[in-house]
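Some notes on the structure that comes next.
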Amino acid sequence: MRAPLPLLLAFSVGCALSGCGAVQVPAEREDAFTAAVAAQRAGRPVEAMAAAYGYVREATVDDPRYDRALRLLALAAEDLGLRHAASLWFLEVARGRRAPALLPEAIRGLQRALQGPHDADALVTGYLAVADIPGLPEDLQGFVDFQQGLHAARQGLDDWADTRFARLPPGSQWADRAEYVRAVRLVSVRALPAARALLERLLARGEVLPRDLALDVRRSLARLDLHAGDFSSAIEHFRLLQAEAPGDPELLLEMAWAHYQAGDTRRTLGLLLALDAPIYSDLIAPDRFLLEALALRRLCQFSPARAAAVRLDEAHGAALRDLYAGVPALRSPSLRVAARRRPEVKPLSDLAQALEAE
Numbered sequence: 056m057r058a059p060l061p062l063l064l065a066f067s068v069g070c071a072l073s074g075c076g077a078v079q080v081p082a083e084r085e086d087a088f089t090a091a092v093a094a095q096r097a098g099r100p101v102e103a104m105a106a107a108y109g110y111v112r113e114a115t116v117d118d119p120r121y122d123r124a125l126r127l128l129a130l131a132a133e134d135l136g137l138r139h140a141a142s143l144w145f146l147e148v149a150r151g152r153r154a155p156a157l158l159p160e161a162i163r164g165l166q167r168a169l170q171g172p173h174d175a176d177a178l179v180t181g182y183l184a185v186a187d188i189p190g191l192p193e194d195l196q197g198f199v200d201f202q203q204g205l206h207a208a209r210q211g212l213d214d215w216a217d218t219r220f221a222r223l224p225p226g227s228q229w230a231d232r233a234e235y236v237r238a239v240r241l242v243s244v245r246a247l248p249a250a251r252a253l254l255e256r257l258l259a260r261g262e263v264l265p266r267d268l269a270l271d272v273r274r275s276l277a278r279l280d281l282h283a284g285d286f287s288s289a290i291e292h293f294r295l296l297q298a299e300a301p302g303d304p305e306l307l308l309e310m311a312w313a314h315y316q317a318g319d320t321r322r323t324l325g326l327l328l329a330l331d332a333p334i335y336s337d338l339i340a341p342d343r344f345l346l347e348a349l350a351l352r353r354l355c356q357f358s359p360a361r362a363a364a365v366r367l368d369e370a371h372g373a374a375l376r377d378l379y380a381g382v383p384a385l386r387s388p389s390l391r392v393a394a395r396r397r398p399e400v401k402p403l404s405d406l407a408q409a410l411e412a413e
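In structure tokens, the structure reads:
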């Protein structure tokens, strides 16, 4: 029985070839495979993809070179920027387990895929988080165990998450990431002093901590400081974060709230004014206008405060009216546009845009 090749992947191949001119593929399948290997080694991904596809389209999963051809397709797709197609080919190699020697490379390909827009349902929920994948090199095994522990924690299966996290090599980035997950769990049960202590221990690791994790840890500490009323400490954390992530509009908004709560109204308005820059036009934050109104009212600027409230309606009025009227989100263009820019939905929106681009 011929193995079905996902239509999306076949379509990706066709698009790649039609966009780059005609590619001659040897008629004999064995010659096609040899040509694919040679083209991949020579850095010619279009030729490699064409030849590998010429081999695999007539193959079955029992073919001894089936997974090696899929590997060539995945590598060529990565080189061409077809990240989603590459991730699905790597997933097929890993899930099939027909070529154990290729499993580490396939898992590493999935790890790279997770660093950008990706189909979390297929790659994580459908495989990495639930599959039994032993015998990997230590760094890859840590990646898999962390993904499985994180998935369990998100499902509320704390004991299972702790079992997975206990396998992580001490001092590795995955052990540090697991500690951050534990801190978040402590916050969720209101064990704030314990959460703070854990976060401070993580931050004390300095440059050993991955940059993205260090930013998350510092942001969490800033929010805990805000909750505790320690505004000066929160503002200092936010200031250091701004130096590391200057283009984050939500960070500017959080800083504005911190300064407002600390009583520095003019600094609050300065940060809100910065949010009017075109670079931040994608920010969906109705409370930004409410904060402006509150700050202006504190300065007894009542007319500008009312104008700020009117700006809220100008910016988001259509979406808010549809929301209050109970219009289904899929039938409201305004709600759809707003939803795509929310942090909770942005990964799916980014994936949709990436698929369009591919």
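Residue numbering for the sequence shown is 56 to 413, as defined by this note's numbering.
Here a beta-carbon is modelled for each residue, glycine too, at the ideal position from N, C-alpha and C.
Coil, strand or helix - residue i by DSSP
{"i": "ASP117", "result": "coil"}
{"i": "LEU191", "result": "coil"}
{"i": "ALA58", "result": "Unreliable placement is indicated for ALA58, whose pLDDT of 49 sits below 50; the coordinate value is still reported in the next sentence. It is coil, neither helix nor strand."}
{"i": "ILE339", "result": "coil"}
{"i": "GLU83", "result": "coil"}
{"i": "ASP405", "result": "helix"}
{"i": "ALA10", "result": "For the chain, the structure presents residues 56 to 413; residue 10 sits outside this window and is missing."}
{"i": "ASP134", "result": "helix"}
{"i": "GLY226", "result": "coil"}
{"i": "ARG397", "result": "coil"}
{"i": "GLN95", "result": "helix"}
{"i": "PRO301", "result": "coil"}
Where residue i falls, given that 16 or more other Cβ within 10 Å makes a residue buried
{"i": "VAL80", "result": "buried"}
{"i": "HIS5", "result": "The chain is shown from 56 up to 413; residue 5 falls before or after that span and cannot be answered."}
{"i": "ARG57", "result": "Note that ARG57 scores a pLDDT of 47, beneath 50, so its modelled location is shaky; the value from the coordinates is reported in the next line. Result: exposed."}
{"i": "PRO59", "result": "Because the pLDDT at PRO59 is just 49, under 50, the model does not fix this residue reliably, and the value given afterwards should be weighed accordingly. Classification of PRO59: exposed, given that the 10 Å Cβ count is below 16."}
{"i": "TYR379", "result": "exposed"}
{"i": "GLY164", "result": "buried"}
{"i": "THR323", "result": "buried"}
{"i": "LEU354", "result": "exposed"}
{"i": "ALA393", "result": "buried"}
{"i": "GLU113", "result": "exposed"}
{"i": "ASP176", "result": "exposed"}
{"i": "LEU257", "result": "buried"}
{"i": "VAL244", "result": "exposed"}
{"i": "ILE162", "result": "buried"}
{"i": "GLN408", "result": "exposed"}
{"i": "ARG232", "result": "buried"}
Residues of its chain near residue i, where Cβ-Cβ distance is below 6 Å and the 5 sequence neighbours each way are ignored
{"i": "ALA107", "result": "ALA91, ALA124, LEU127 and LEU128"}
{"i": "ASP405", "result": "PRO172"}
{"i": "ALA208", "result": "ALA216 and VAL236"}
{"i": "ALA277", "result": "ALA289, HIS292 and PHE293"}
{"i": "ALA317", "result": "PHE286"}
Own chain, CB closer than 7 Å to residue i, minus 5 neighbours either side, in chain order
{"i": "ARG343", "result": "LEU308, LEU327 and LEU330"}
{"i": "ASP337", "result": "ARG396"}
{"i": "ASP377", "result": "SER387, SER389 and LEU390"}
Expected contact under 8 Å - CB spacing of residue i and residue j to nearest Å
{"i": "SER227", "j": "GLY197", "result": "5 Å"}
{"i": "PHE293", "j": "MET310", "result": "4 Å"}
{"i": "PHE88", "j": "ARG120", "result": "6 Å"}
{"i": "PRO100", "j": "LEU135", "result": "5 Å"}
{"i": "ARG273", "j": "LEU296", "result": "6 Å"}
Proximal residues to residue i (C-beta, below 8 Å), its chain only, five neighbours per side dropped
{"i": "LEU241", "result": "LEU247, ALA249, ALA250 and LEU253"}
When the Cβ atoms of the region 361-381 are set against those of the region 396-403, are three or more pairs found closer than 8 Å?
no
Quick check: the region 212-224 against the region 174-189, are there 3 or more CB pairs under 8 Å?
no
Taking 8 Å as the threshold, find out whether the region 149-156 comes into contact with the region 169-178 through three or more Cβ pairs.
Verdict: no, contact absent.
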